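Residue numbers (the numbering used here), protein chains in the order written: chain B, 1 to 337; chain F, 1001 to 1337. Note that the Cβ used here is the ideal one computed from N, Cα and C, for glycine as well. Just so we're clear, the structure is a prediction, and the values are computed from it rather than from any experiment. Before any comments, here is the structure.
2 protein chains.
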Amino acid sequence: MFSIAIVGATGLVGHKLLKLLEKSKLKDFQLHLFASAKSKGQKMNFRKNEIEIKELNEKSFEGIDLAFFCAGSTISKKFIQYAKEAKTTVIDSSSAFRCLDDVPLVIPEINAHTITEKTSLIASPNCTTTILMMPLFELHRKFRIRRIVAATYQAASGGGIKLINKLLKETKEAIQNPNKIHHGFYYGFNLYLHETAQNPFRYSEEEAKMIFETRKILEDSEILVSATCVRVPVLRAHSIAANIEFHNDFTLEEIYEIVKKTPSVRILEDFPNRRFATPIDATGSFDTLCSRLRKDPFQPRTLDIWIVGDQLLKGAALNALQIAEIVINQKRGALCS
Amino acid sequence: MFSIAIVGATGLVGHKLLKLLEKSKLKDFQLHLFASAKSKGQKMNFRKNEIEIKELNEKSFEGIDLAFFCAGSTISKKFIQYAKEAKTTVIDSSSAFRCLDDVPLVIPEINAHTITEKTSLIASPNCTTTILMMPLFELHRKFRIRRIVAATYQAASGGGIKLINKLLKETKEAIQNPNKIHHGFYYGFNLYLHETAQNPFRYSEEEAKMIFETRKILEDSEILVSATCVRVPVLRAHSIAANIEFHNDFTLEEIYEIVKKTPSVRILEDFPNRRFATPIDATGSFDTLCSRLRKDPFQPRTLDIWIVGDQLLKGAALNALQIAEIVINQKRGALCS
């Protein structure tokens, strides 16, 4: 029987993946759950079965056909080699191998063609980049993107359960004791620039990912990206304000026509009532939402767009599952009913 | 004796102005407080005196030398005419008259020279625009701004006490009942695009203000501005992610040299610890903070900058008070000790 593993099953993305897998069309497979020593022996429900969590080790991948890695790049860097030795196909949600030439970086709606029967490791992109790409890739095909200026509004879910708990705890504190001042990375009614390390050009890792991954996914190394990544006190779903300059001119009607037909993308806008997509609207949605499509007031060939997507779904677990479905279809069509 | 009035004394900006006035160097003046009928007869403390709030009417300005209008543009549009008839000099924090050619739009550090002895009405700019201008005006003088792409992270204080209460109430609700889904302008761990009306170009009023006011304040009608204005669940202090293209080239060293010398601006950045300005850092600060000054990775002559300023202080009450100090100095130097 086909064997699937989730590495990092107790994390926010791993757990969401388990839930998606449960409701998916995939059947007739064995599921193995791996996590760190501290979760060993715990059980998680899956389609009326209880599955015991095992501690991840070098031998975990024997007999596993497909493994999802959702435990961060340190774990991916350490353990994916053992999965490779065991001939396990890996879908890695971390940034560990995204920049390698022979590792496809896949959003299935955009570049499923980069997965071949020989592919043994597939990277799922950074959540913010994925959400940014969704309403843009068909526009890129038609008008070709020259430059993107993006500012992000990233939710706590992007930092896992730990960051969600920090947001809840510090918000409660701020409500109870509004006069106490907290500096630094305080999250109660406060926001801060993405805390990943800065490169010599003073771009944070998160921002640098948006540059590199956009180019790789859209297969256009000339796209210019300026990004500012910010963590806002929102629970789940990332938002992006983007100003997109194209090489070719467009009308707003053409933009709507294309975005409306773009798979897994939905326009949510109600100009008379000034109602546009919010993180709550996107929470739980498989679609990426976009709003307030408008021409830049001064610069030709340039579009302003507001994009919101569920960080845990299309930004992470859902995209990984979609990749798995492609891989499994290639490996054995029969598994998909 | 010189007479000063605050119209909208019970509002967030009016109240903050009262507190600033209390601590200011201004002395030997009478203070009158005006508000709507529902606050009539209430008393507010000012320098050990109690001042009774009067209901605003057409006759309120008799004998008033200087009036601050902090009650929104509807009140300004209705009552500033009576102040004019009474020869009261008006400092208006609303947007009502900002676009008139003969009304100076003033940030004292930038364009105090536009106030003359004949000026009877001075507008204080939109809070977001003021905060954006502060670290940029000296750079504009040196390198000349060609284009600004800005995304804002605006605090609840920008919508007054009502919006702060909405944020607190809906956040408490969201903590107590996390599974209840609210759409629309829900503010508990959620954000939304600025709710002001959209013009035919699909720019909200708030965004349109940033375009018009930037040009007026910097006295350069060729500056291009693309803006997306967003309300985030932060209590006070607005943040802006801005990408600024200049006409002339610069080095980062030159930028630092100029920004460090810019009055009322402070650079808050600690690259090794990834600590940059947050809304809490800016809360209560008279200075506008800026962080992460960096060259755009691809576009020449372009700067990325993160700006945070107290919406209630430099964004509103403090700027109005600074304007008043200029006016009063012109009228009677003796008032300023």
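Subject >> DSSP bridge partner residues for residue 55 of chain B (one or two, in chain order) >> reply: B:35
Subject >> Below-8 Å beta-carbon distance, residue 212 of chain B vs any chain F residue >> reply: no
Original post:
Are there 16 or more other CB atoms within 10 angstroms of the CB of residue 1198 of chain F, so buried, or fewer, so exposed?
Top reply: buried
Original post:
Leaving out the 5 sequence neighbours to the left and right, which residues in its chain are closer than 7 Å to residue 67 of chain B when beta-carbon positions are compared?
Top reply: The residues are 5, 7, 61, 83, 88 and 90.
**OP:** Could you list which residues in chain B have their beta carbon closer than 7 Å to that of residue 1190 of chain F, in chain order?
**Re:** 234, 278, 279 and 280
**OP:** Say whether chain F places a C-beta atom closer than 8 Å to the C-beta of residue 168 of chain B.
**Re:** yes
**OP:** Pull up the distance between the alpha-carbon of residue 295 of chain B and that of residue 185 of chain B, whole angstroms please.
**Re:** A direct Cα-to-Cα measurement between residue 295 of chain B and residue 185 of chain B gives close to 36 Å.
Subject >> Residues near residue 330 of chain B in its chain [Cβ-Cβ closer than 6 Å; skip 5 each side] >> reply: Apart from sequence neighbours up to five positions away, the residues of its chain that approach residue 330 of chain B with a beta-carbon distance below 6 Å are 117, ordered along the chain.
Original post:
Taking only beta-carbon atoms, is residue 1271 of chain F less than 8 Å away from chain B?
Top reply: yes
Subject >> Helix, strand or coil at residue 1152 of chain F according to DSSP, with G and I counted as helix >> reply: strand
Subject >> Supposed contact pair residue 1021 of chain F and residue 1053 of chain F - C-beta distance, whole angstroms, cut 8 Å >> reply: In fact, because the Cβ distance is near 15 Å, the residues do not count as touching under 8 Å.
**OP:** Starting from residue 140 of chain B, trace the alpha helix (DSSP H) both ways and give me its first and last residue.
**Re:** Counted as a single uninterrupted DSSP element, the alpha helix (DSSP H) harbouring residue 140 of chain B occupies residues 137 to 143.
Subject >> C-alpha distance - residue 1064 of chain F paired with residue 1104 of chain F, whole-angstrom precision >> reply: 21 Å
Original post:
Taking 8 Å as the CB-CB limit, is residue 241 of chain B close to chain F?
Top reply: Yes, because at least one Cβ of chain F sits closer than 8 Å to the Cβ of residue 241 of chain B.
Original post:
Are residue 182 of chain B and residue 1280 of chain F touching if we call contact CB-CB under 8 Å?
Top reply: Yes, they are a contact pair.
**OP:** Apply the 10 Å Cβ neighbour rule to residue 1334 of chain F and answer buried if 16 or more other Cβ atoms are within range, or exposed otherwise.
**Re:** With a pLDDT of only 41 at residue 1334 of chain F, under the threshold of 50, the placement of this residue in the model should not be trusted, and no figure is reported.
Subject >> Under 7 Å from the C-beta of residue 275 of chain B: neighbouring residues of chain F >> reply: Within chain F, the residues near residue 275 of chain B are 1184.
Subject >> Separation of residue 211 of chain B from residue 138 of chain B, as counted between CA atoms >> reply: Each residue's Cα considered, the two are about 18 Å apart.
Original post:
What are the boundary residues of the alpha helix (DSSP H) that includes residue 1252 of chain F?
Top reply: Looking at the DSSP string, the run of the alpha helix (DSSP H) that includes residue 1252 of chain F is 1252 to 1261.
Original post:
So, do the segment 214 to 221 of chain B and the segment 270 to 284 of chain B have three or more beta carbon pairs nearer to each other than 8 Å?
Top reply: Contact check between the segment 214 to 221 of chain B and the segment 270 to 284 of chain B: fewer than three CB pairs, one atom from each, fall below 8 Å, which does not count as touching.
Subject >> Close-in-space but distant-in-sequence residues of the same chain around residue 1055 of chain F (CB under 6 Å, 5 per side omitted) >> reply: 1037 and 1040
Original post:
Within the present structure, is the beta-carbon of residue 1004 of chain F separated from the nearest heavy atom of the ligand MN by less than 7 Å?
Top reply: With respect to the ligand MN, the structure shown offers nothing to examine, as it has no ligands at all.
**OP:** Using a threshold of 8 Å, state whether the C-beta atoms of residue 1240 of chain F and residue 1080 of chain F are closer than that.
**Re:** no
Subject >> Element boundaries [beta strand (DSSP E), containing residue 267 of chain B] >> reply: 265 to 267
Original post:
Are the C-beta atoms of residue 329 of chain B and some chain F residue less than 8 Å apart?
Top reply: no
Subject >> Coil, strand or helix - residue 13 of chain B by DSSP >> reply: helix
Original post:
Anyone know if the C-beta pair for residue 328 of chain B and residue 124 of chain B falls short of 8 Å?
Top reply: no
Original post:
Beta-carbon of residue 1304 of chain F versus every beta-carbon of chain B: anything under 8 Å?
Top reply: yes
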